[in-house]
Structure formats: C-alpha cells, structure tokens
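J.: Below is one structure. I have some questions about it.
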Amino acid sequence: MVSGIRQLVELESPSDNKAALDHLGQHLAARFAKLGGEINFHRQEHAGDHLQVDFAGPGKPILILGHMDTVWDVGTLASMPFRIAEGGAFGPGSFDMKAGIVQAIYAIRALQEQHGRLPRAITVFLVSDEEIGSRSSRPTTEALAQKSAAVLVIEPSQGLKGALKTSRKGVGAYRVRVVGQEAHSGLDSNQGASAVLELARQLLVIEKFADRKRGVTINPGVVRGGTRTNVVAGEALAEVDARVSNLHDIPYLDKKFRSLRPFNERCKVEVSGGIGRPPMERSKEGAALFMLARRLAEELGWELEEASVGGGSDGNFTAALGIPTLDGLGAVGEGAHSRHESVVIAEMPRRAALLARLIESIPG
Ligand SMILES: [Zn+2]
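Residue numbers (our numbering): 7 to 370.
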C-alpha cells in the first residue's frame, strides 16, 4: 500500500494541469483494468479527464467517489518529497486523497480474492477538479449517484481517530464589486466617490450575515481596490467565502447578499456568485449507513466515530440528491492542504477492510 501511495504522489496532479492529471488518470486506469474494471474516460477540453471504472456484479452499484487532483503544483516534490517518517507517509496529495484511492484498489482486490468474483456491482468515479469546485465533473457525479444504491466517498477521514463524515457544510463564494467615481485626491476630491470606502462599509454589513448558531460563516478572504494613494478609488472588489449547514440557509444568505445597497448613492454595488456546493445534511439514510459502518468496524475491532465538518466534497452533491452518502472513508492522517500532509500507514489495511465490508453489506 505504501509503494502504491508513493507511485500516486510522485505523479503530481494539480487541478489546473490537464497533462499531469491525464497522465495520472492513465496510470490509474491501467491499475483498475488489471482488476477487471471497464474503463471509461469522460474527456474534458480544459480540465483533466474524469475516470469512471465499472465492475460487474450483482445488485445496484455502489459508487466509490474520489478525486485525482491536488492543491499542489507540479514541482512541489522537489521541496516536499514523498517520505516515510514516524509511521506516516508524507508528500503532496498523500492524505487528500491519494491514499484513499490506494485503499479502494485494495478493497476491491480483497473482495475478488475472497469471493472469486465481486459480490456487488461497483462504480469507481475519480474526478480531476474537486479542489476547484467540481464544475466539469458535477453532472456526471450526479448521474452516476442516481444509478447507485449508495455513495462511499474516499476523502480523508476526520481527526487522528479517523471519524467518518456524516454532515458537511455547503460552500460557496460571493463577489462583491463596487464601482465608484475616480478623481484626483487633492484637486477635485469632492468629485470622487471612493469605491474602497464604500466596500469597507459593505463588509461591515456582510460580516453580520454570519450566524454561528445556525452554522452560517462568512470570510472576506480577498479584497482589492484602488490604483494609487492620490486617486479616489474607482473600483473595489471583495471575494467572500460563505458556508452554511442547512439547505434552507442558501436562499436566506442569497437574499441578504442580493439586497446590499450602496451607502453612497454615487457608488454601485454588484453581487455575483453563491453557494456552489450544497451542504451535506445529516440525513436518515446517511445516518443508517454510518450505523452499518460502525457495526462493521466493531467486528474489525475498533470503535468508529462520526463527525460534522466545515469543508465540502463531492459527497455534498450526492447527499443533496437524497442518495445515501458516507464520507471520510479514505485515509487517516493530518495536514490536508498543508506541507506536513501525511497518512497514518498502520491504519490503511483496516480502512480498506471496512470499505470492502461496506460494499458487501449495503442492502439493495
Ligand atoms: Zn479531497
């Protein structure tokens, strides 16, 4: 399994590098083909091709959902090479989520070895654009989920105890653009209308859209505006990260953003964007799936926990469609999107075993 992670980590695959992603896709396709999977690439012009692998078997398929892309540019390996230390496997994309892909390969292989053939139809779908919002893969993810009995997402688990994720926040971004009136700051400053000042006032309003109790968070992570100190700013822009826990908070938040009006009537305020990934609410179906996973983990000798997290995944799409979805079935580790990203090697076999047992045991 460790050499499997190493191979995948050393095929660097940032979301915006089609050539690199397609190279990794070919490598993975060959591995899945060896297991007898039927390979189908969903070709993309700009994004990397998405990889679908179908394994024949009885019943409605189980969809194993993951992504091949990482947040790390090609060349990161030079300063952050694959390495093993203190029981961990380190390297760009190791935890999020190449180790999860390796576990899925081993789970499928174990089922084949044990039963002689698969006890259940399986579809594996690995997208190339999850880290940048899954725009090009979303329709296929949703179509495949509709045909499946359940969705098992091999994203990283939560915390060092490896909790599964039964609810996730919905995530999106709003762009708030202010157009003011440019003027010389000394000569005719009354002619001007500062877009920067207007945006600053708007941000104080936007900050109040957050509501911790109902799980709405707001972060104006990027602000730009103005050209020079001696010019009244003609334009300013804020990009605001927004997250919600409940589906019904999407229209609530949207209405708030769309109702922003300028304080200075000589400025214009334009709002675009929205919540692109709906929240994964803790559903009855998802909870039942977790209870099954917990029982299976108990048989394997460990106590599995569940968690609710702020980050989104492609599981948000499938859960919003009402398809039973269980997330966080990938590796145990820490430091996703950070330079100390790593996987706990000793946890990998039993995570793969749990995945295999789930595939065997999910009804339908
Ligand atoms: Zn991920």
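Every residue gets a Cβ at the ideal spot worked out from N, C-alpha and C, and that includes glycine.
Helix, strand or coil: which one does DSSP assign to residue 37?
T.: Correct three-state label for residue 37: helix.
J.: Which class does residue 230 belong to by DSSP, given the choice of helix, strand or coil?
T.: Residue 230: strand per DSSP, three-state reduction.
J.: Could you check whether the region 326-335 touches the region 274-292, counting it as contact only if at least three pairs of C-beta atoms, one from each stretch, sit closer than 8 Å?
T.: Contact between the region 326-335 and the region 274-292 is present, because at least three Cβ pairs lie under 8 Å.
J.: Whose CA, out of 158, 212 and 269, lies closest to the CA of residue 320?
T.: For the residues 158, 212 and 269, the minimum Cα distance to residue 320 belongs to 158.
J.: In chain order, which alpha helix (DSSP H) runs of at least 4 residues are fully inside the region 121-201?
T.: Runs found: 144-152.
J.: For residue 96, does the three-state DSSP call read helix, strand or coil?
T.: Residue 96: strand per DSSP, three-state reduction.
J.: Tell me the DSSP secondary structure of residue 62 in three-state form.
T.: Coil, per DSSP.
J.: Is the region 243-254 close to the region 169-178, with three or more CB pairs under 8 Å?
T.: Result yes; three or more Cβ-Cβ pairs closer than 8 Å.
J.: Mind checking which residues open and close the alpha helix (DSSP H) that includes residue 260?
T.: From DSSP, the alpha helix (DSSP H) with residue 260 extends over 255-264.
J.: Nearest-angstrom Cα distance between residue 209 and residue 90?
T.: Near 45 Å, if we compare the C-alpha coordinates of residue 90 and residue 209.
J.: Do residue 55 and residue 134 count as a contact pair if the criterion is CB distance below 9 Å?
T.: Yes, the pair counts as a contact, with Cβ atoms nearer than the cut-off.
J.: How long is the line joining the alpha carbons of residue 30 and residue 107, rounded to whole angstroms?
T.: The alpha-carbon atoms of residue 30 and residue 107 are separated by roughly 12 Å.
J.: What does residue 384 pair with, by DSSP beta-bridge criteria?
T.: Missing from the structure shown is residue 384; the chain here goes from 7 to 370 and no further.
J.: Could you tell me the boundaries of the beta strand (DSSP E) in which residue 53 lies?
T.: Residue 53 -> no beta strand (DSSP E), and no H or E assigned at all.
J.: Just checking residue 319 against ligand 3 - is the residue's beta carbon closer than 8 Å to any of the ligand's heavy atoms?
T.: Only ligand 1 can be found as ligands here, which leaves ligand 3 out of the picture.
J.: For residue 39, I'd like the list of residues in its chain whose CB is within less than 7 Å of its CB, leaving aside the five on either flank, ordered along the chain.
T.: Only 45 meet the Cβ criterion.
J.: Could you check if residue 197 is buried or exposed, using at least 16 other CB atoms within 10 Å of its CB as the buried criterion?
T.: That one is exposed.
J.: Find out if the Cβ-Cβ distance for the pair residue 337, residue 350 is shorter than 9 Å.
T.: A contact, by the Cβ cut-off of 9 Å.
J.: Please list, in chain order, all residues with a C-beta atom less than 5 Å from at least one heavy atom of ligand 1.
T.: The filter returns 102, 103 and 161, in chain order.
J.: Count the other C-beta atoms from every protein chain shown that fall within 10 angstroms of the C-beta of residue 152, then say buried if there are 16 or more, exposed otherwise.
T.: Exposed is the call here.
J.: Per DSSP, which residues does residue 217 bridge with? Please list them.
T.: DSSP lists 222 as partners of residue 217.
J.: Per DSSP, residue 312 forms a beta bridge with which residues?
T.: 170, per the DSSP bridge assignment.
J.: Helix, strand or coil: how does DSSP classify residue 346 here?
T.: Residue state, collapsed to three classes: coil.
J.: Could you tell me the distance, in whole angstroms, from the CA atom of residue 367 to the CA atom of residue 205?
T.: Their Cα atoms are separated by approximately 54 Å.
J.: So, residue 53 versus residue 141, is the Cβ gap smaller than 9 Å?
T.: In contact: residue 53 and residue 141 (Cβ atoms closer than 9 Å).
J.: Measure the CB-CB distance between residue 160 and residue 43 and report whether it falls below 9 Å.
T.: The answer is no: Cβ separation not under 9 Å.
J.: In the region 322-369, which residue ranges form an unbroken alpha helix (DSSP H) of at least 4 residues, counting only runs that do not cross its ends?
T.: Counting whole runs of 4 or more residues, the region 322-369 contains the alpha helix (DSSP H) stretches 354-367.
J.: Tell me whether residue 119 sits in a helix, a strand or coil according to DSSP, three-state version.
T.: Looking at residue 119 - three-state DSSP - the assignment turns out to be helix.
J.: Spatial neighbours of residue 16 within its chain, please: C-beta separation below 7 Å, excluding the five flanking residues on both sides.
T.: For residue 16, where only same-chain residues beyond five positions count, the Cβ hits under 7 Å are 83 and 88.
J.: Strictly by DSSP, which residues pair up with residue 47?
T.: The partner list for residue 47 (beta bridge, DSSP) reads 57.
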